[in-house]
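Presented below is the structure to which this report refers.
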Amino acid sequence: MSHPFKQAPENAITQSGIARVIPCKELDVGDPIKWLSLAVQDALRTPVITAIYGVIFAVIPWFIMYLVEMTGWHLVILPAIVCFMLVGPFLAAGLYDVSWELEKGHKPSFRHSLRAMRRNAVNEWGFGVLLMVMMIFWLRVASLIHALYPSYTETTIESLMPFLVLGTIAGGVFTLAMLFITAFTQPILMERKVDLATALLTSVNAVWVNKVPMVIWGSIIFSAVAIGYVTGFIGFIVLMPIIGYASWHAYIDTISTKRARKYV
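As numbered in the numbering used here, the sequence shown has no gaps in its residue numbers, which increase by one up to the final residue, 1146.
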């Protein structure tokens, strides 16, 4: 269990002059499992909406892989996986709205969830643009890695190993950076009328303060994405809505509020 009234100690980023940083709480290593448990409860309470979003999350990577097959450039698979992880937080806004409606005791609807981006439109769309810029930047880095790889080398596991290792390291760095940036930014922007810089720095600060629990949470997200790809994207129908709901509960547990929440 987390400590709802235990504030994390201040550090350099909370004194930033760039934007206000919302205080965070200290988490326990077992909290990610609690978030998943609450997410399953949300999914069971909203089976139709959950299924709709699950199908959407399954169709998107299927389309990406279809393009890969059409172009014949199979070395783009790894960048495509990271791109999906970049865009995922932005697409999960509707799922956050469903959990938020349940928290308030309302009956969620798909239409209402689609309007989630309009609550803090300028900053939320700014966040979407930021994700797109980072996605494009990652694709350029991946293209550079591929361009430096000698095309005349035999296509064997041994010959591909340096490319795969370099690509994995680069992808890991980008994924870690995205964990800091996206962990709490989207739900903060949805619930609170704050600017993008405040939401971003609050997310970075919260992840930094709770390194171990957030690394565990990041590993769970990565594992869910990996399982989804191994199952031919069918796993995304169930896993991605669960991750979306759990991300909202992670936000509830981590980012402080002036008044205690009713939903735990």
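For every residue, glycine included, the Cβ atom is placed at its ideal position computed from N, Cα and C. Since we're looking at a predicted model, the values are computed, not measured.
Any idea what DSSP makes of residue i, helix, strand or coil?
i	result
Asp1135	helix
Lys989	coil
Asp979	helix
Leu909	coil
Ala940	helix
Ile1116	coil
Ala1059	helix
Ala974	coil
His885	In this predicted model, His885 has a pLDDT of only 49, less than 50, meaning its place in the structure is not dependable; the value taken from the coordinates is given anyway. Residue state, collapsed to three classes: coil.
Trp1130	helix
Glu892	Here the model assigns Glu892 a pLDDT of 49, short of 50, so the residue's position is not dependable, and the following value carries that caveat. Glu892: coil per DSSP, three-state reduction.
Ile946	helix
Starting from residue i, follow the alpha helix (DSSP H) in both directions and report where the run begins and ends.
i	result
Glu1073	1067 to 1073
Ile915	913 to 927
Pro905	Premise fails: Pro905 is in no alpha helix (DSSP H) and is neither H nor E.
Ala1029	1003 to 1030
Val1076	Unbroken run through Val1076: none, as it is neither H nor E.
Ala1108	1093 to 1112
By the 10 Å Cβ neighbour count, where 16 or more other Cβ atoms means buried, how is residue i classified, buried or exposed?
i	result
Val1094	exposed
Gly1053	buried
Gly1126	buried
Thr1139	exposed
Val1004	exposed
Met859	The structure shown has nothing for residue 859, since the chain only spans 883 to 1146.
Met952	exposed
Val930	exposed
His1131	buried
Leu1026	exposed
Val1089	buried
Glu983	buried
Met1043	exposed
Ile1039	exposed
Thr1050	exposed
Figure out for me which residue from the options has the closest Cα to the Cα of residue i.
i	options	result
Val928	Ile1063, Ala940, Ala1003, Asp979	Note that residue 928 corresponds to Thr in the displayed sequence, not to Val. Closest option to Thr928, Cα to Cα, is Asp979.
Met1016	Ser1138, Phe1056, Ser1105, Glu1040	Phe1056
Ser1129	Val903, Gly976, Ile1051, Leu1013	Gly976
Ile1109	Asp1135, Ala940, Ala933	Ala940
Ala1029	Phe1045, Thr1136, Ile1039, Ile1018	Phe1045
Pro914	Asn1092, Ile1039, Ile1119	Asn1092
Ile1119	Pro943, Leu920, Gly1100	Pro943
Ile938	Leu973, Arg1001, Ser919	Leu973
Pro1069	Ala1106, Arg993, Thr1136, Leu926	Thr1136
Leu920	Glu985, Leu949, Val903	Glu985
Leu1061	Met1096, Trp917, Val1107, Ile1051	Met1096
Trp1099	Leu1071, Phe945, Phe1066, Thr932	Phe1066
Ala933	Pro1123, Asn1087, Met1014	Pro1123
Sufficient close CB pairs (3 or more, under 8 Å) joining the stretch 1070 to 1083 to the stretch 1000 to 1017:
The stretch 1070 to 1083 is in contact with the stretch 1000 to 1017.
Decide yes or no for the touch test of the stretch 1019 to 1028 against the stretch 985 to 995: beta carbon pairs closer than 8 Å, at least 3 of them.
These segments do not touch.
Indicate whether the contact test is met: 3 or more Cβ pairs, each with one atom in the stretch 1107 to 1118 and one in the stretch 907 to 917, closer than 8 Å.
Too few Cβ pairs lie closer than 8 Å, so no.
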